[in-house]
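The sequence shown maps to residues 1 to 431 in full-length UniProt numbering.
Ideal Cβ positions, reconstructed from N, Cα and C, are used throughout, including at glycine.
Below is one structure, written out as structure tokens, with a few remarks after it.
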Amino acid sequence: MTDTTLAARGVALDLLRDVLRKSVPFDDAFDAHPDLAGLEPRDRGFVRMLVATVLRRLGQIDELIQTCLAKPGLPKAAIHDMLRLGTAQLVFLNTPPHAAVDTAVELAALRNAAPYKGLINAVLRRVGREGAALAAQQDAGRLNTPDWMWLSWRTAYGTAKARGIVEAHLHEAPLDLTVKSDPSVWAGRLDATVLPTGTLRRMSGGSVTEMPGFDAGGWWVQDLAASLPATLFGDLRGKRVFDLCAAPGGKTAQLAAQGARVVALDRSAKRLERVTENLARLNLEAEIITTDAAAWEPGELADAVLLDAPCSATGAVRRHPDILRVKTPEDIGKLAKAQGRLLAHAVGLVKPGGTLIYCTCSIQPEEGEAQITRLLARDSRVKRWPITADELGGLSEIITERGEVRSLPGMLAEHGGIDGFFVSRLRRVYE
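Here it is in structure tokens:
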């Protein structure tokens with residue numbers, strides 16, 4: 001085996017520790033690891049895929065390891081993580097058994113865990129022999145989902161839809177792109193399918209930056225669900241629009257591409273740097289302001305306000321499986337309070353007759369439907385403006401009886417699925 005092979009596994013081990021023991025978001029841990037720059041692109045891609053697979057299949061992997069241990073009980077954390085990486089390769093990534101086992105054993109030696117080499121070898125060899133058959137008998141979706149999430153989704157949506165959510169999480173999401181214009185032309189160039197809303201969809205994989213049109217700014221990466229809110233304002237040409245909590249900037253780009261005069265706000269100057277970079281690549285313009293949107297007072301009210309509020313992101317597990325491992329029930333309560341403050345303030349930023357759209361990439365009702373119910377009960381300045389399926393390419397499955405968007409992983413299977421999202425459109429009434 002090569003030094004780079006072991007180096008890649010070592011990075012993966014570090015990243016798994018950061019996510020599972022320090023609750024660091026996977027993307028943040030990945031970007032910050034000092035050894036990644038020294039790996040070839042292929043090895044970096046392998047690291048990302050390996051760690052994401054462990055995070056996505058953690059419940060299954062741990063049950064397989066427990067089954068294949070000679071004695072009950074799990075080894076100490078670092079050894080457990082080595083076994084997790086090896087099991088993911090053997091059962092879910094089709095890595096040749098000798099490569100997965102040998103690299104795990106060598107990694108133990110490099111990480112001062114030589115006394116555990118025999119244990120790692122024995123467990124992984126048994127996983128290699130029996131793992132696939134054992135995995136086929138597991139309740140994969142349920143095993144990989146924390147109890148509190150499963151119970152919250154079953155309570156909110158019923159057992160059948162909750163089952164659809166957790167089974168959708170077993171698979172990596174496709175790559176969705178928003179184009180500035182001519183979706184059918186770009187679909188041909190990018191080997192993509194045009195979805196009913198105009199989003200392009202292609203299988204994930206490969207380097208995004210090397211795809212046709214990236215450098216020219218013809219498109220940007222954005223999930224189908226995330227692309228919907230900015231399309232629901234109507235004609236925005238020449239209108240003043242506030243994009244609150246704007247980073248990473250996909251919706252800012254959409255609004256600017258529609259001809260709006262966009263003011264994009266976010267508390268994080270670092271995250272806004274990415275918004276600025278993306279707008280420059282796309283040859284689009286927006287005014288960028290670093291501030292707390294819950295306290296910001298503009299000199300002039302907006303014709304339209306988009307509040308994509310910070311949330312638990314439980315609707316985006318297909319793309320970010322670390323959410324299953326780092327989010328807690330306590331996070332939901334804290335986020336819901338922050339969302340309520342942002343939403344209450346956002347109402348006062350819209351001109352009478354203007355439009356406010358509230359959205360989150362969460363499938364927790366506390367972060368979606370409940371926020372709008374509370375707002376309408378206490379603030380007579382806004383009324384719900386129902387969204388119709390005709391506005392979304394006929395995607396009636398994701399429209400609720402109240403005229404809000406509630407998409408769930410597992411929906412739109414005929415189109416390749418969708419992330420979980422909530423969208424409500426409100427109109428500021430004349431007082």
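Does DSSP put E130 in a helix, a strand or coil?
Here residue 130 refers to the residue found at position 130 when the sequence shown is read from its first residue. Three-state DSSP puts E130 in a helix.
Using the Cβ count rule (16 or more neighbours within 10 Å means buried), how would you classify Q66?
Position 66 of the sequence shown, counted from the start, is the residue given in the question as residue 66. Its Cβ having fewer than 16 others within 10 Å, Q66 is exposed.
Less than 8 angstroms between the CB atoms is what I'm expecting for V11 and V47, so what's the real figure, rounded?
Position 11 of the sequence shown, counting from 1, holds the residue named residue 11. Position 47 of the sequence shown, counting from 1, holds the residue named residue 47. Correct: roughly 5 angstroms between the Cβ atoms.
Could you pull the start and end residues of the beta strand (DSSP E) that G354 belongs to?
Your numbering for residue 354 matches position 354 in the sequence shown. It spans 350-360 - the beta strand (DSSP E) in which G354 sits, taken as one unbroken run.
Inside the stretch 196-252 only - alpha helix (DSSP H) runs reaching at least 4 residues:
224-227
Exposure of W148, with buried meaning 16 or more beta-carbon neighbours within 10 Å:
Looking up residue 148 in the sequence shown gives position 148. Exposed.
What would DSSP say about P409, mapped onto helix, strand or coil?
By one-based count along the sequence shown, residue 409 stands at place 409. Strand.
For A346 versus L335, is the C-beta distance shorter than 8 angstroms?
What you label residue 346 is simply residue 346 of the sequence shown in a count that begins at 1. What you label residue 335 is simply residue 335 of the sequence shown in a count that begins at 1. The answer is no: Cβ separation not under 8 angstroms.
Do P409 and V317 have their CB atoms nearer than 8 angstroms?
As a first step, residue 409 must be located in the sequence shown, where it is residue number 409. As a first step, residue 317 must be located in the sequence shown, where it is residue number 317. In this structure, P409 sits near V317, with a CB-CB distance shorter than 8 angstroms.
Which partner residues does S424 have in the DSSP bridge list?
Within the sequence shown, the letter at position 424 stands for residue 424. Beta-bridge pairing by DSSP links S424 to Y358.
Assuming contact is defined by CB atoms lying nearer than 8 angstroms, are residue 453 and L255 in contact in what I supplied?
An answer regarding residue 453 cannot be provided, because it is not within the stretch 1 to 431 covered by the chain.
Between the alpha carbons of G86 and N278, how many angstroms are there, rounded?
Reading the sequence shown from its first residue, position 86 is the one you call residue 86. Reading the sequence shown from its first residue, position 278 is the one you call residue 278. So the alpha carbons of these two residues sit roughly 37 angstroms apart.
Inter-residue spacing [alpha-carbon to alpha-carbon] between D235 and L74:
By 1-based counting over the sequence shown, the position of residue 235 is 235. By 1-based counting over the sequence shown, the position of residue 74 is 74. Cα to Cα, the separation comes out at about 59 angstroms.
How many angstroms separate the CA atom of E366 from the CA atom of T197?
Residue 366 sits at position 366 when you count from the first residue of the sequence shown. Residue 197 sits at position 197 when you count from the first residue of the sequence shown. Their Cα atoms are separated by approximately 27 angstroms.
Residue burial classification, E404 (beta-carbon count within 10 angstroms, cutoff 16)
For the purposes of this step, residue 404 is taken as residue 404 along the sequence shown, with counting starting at 1. Buried, by the Cβ-count rule.
Residues in its own chain within less than 7 angstroms of A140 by CB, not counting five upstream and five downstream?
For the purposes of this step, residue 140 is taken as residue 140 along the sequence shown, with counting starting at 1. Q60, L170, listed in sequence order.
Give me the residue from L58, T103, T95 with the minimum Cα distance to R84.
Position 84 of the sequence shown, counting from 1, holds the residue named residue 84. Of L58, T103, T95, the residue nearest in Cα terms is L58.
Express the C-alpha separation of G188 and L200 in angstroms, rounding to a whole number.
As a working mapping, residue 200 is identified with position 200 in the sequence shown. As a working mapping, residue 188 is identified with position 188 in the sequence shown. Taking the straight line from one Cα to the other gives about 10 angstroms.
Proximal residues to A225 (C-beta, below 6 angstroms), its chain only, five neighbours per side dropped
Taking the sequence shown and counting its residues from 1, the one referred to as residue 225 is at position 225. Excluding residues within five positions, the ones whose Cβ falls inside 6 angstroms are S407, I418, D419, F421.
What number of angstroms, rounded off, separates the C-alpha of H33 from the C-alpha of A7?
Translated into the one-based positions of the sequence shown, residue 33 becomes position 33. Translated into the one-based positions of the sequence shown, residue 7 becomes position 7. Approximately 12 angstroms, taken between the alpha carbons.
Take D14 and list the residues in its own chain whose beta-carbon comes closer than 7 angstroms to its own, dropping the five residues that flank it on each side.
If you number the sequence shown from 1, residue 14 lands on position 14. Here the set comprises H33.
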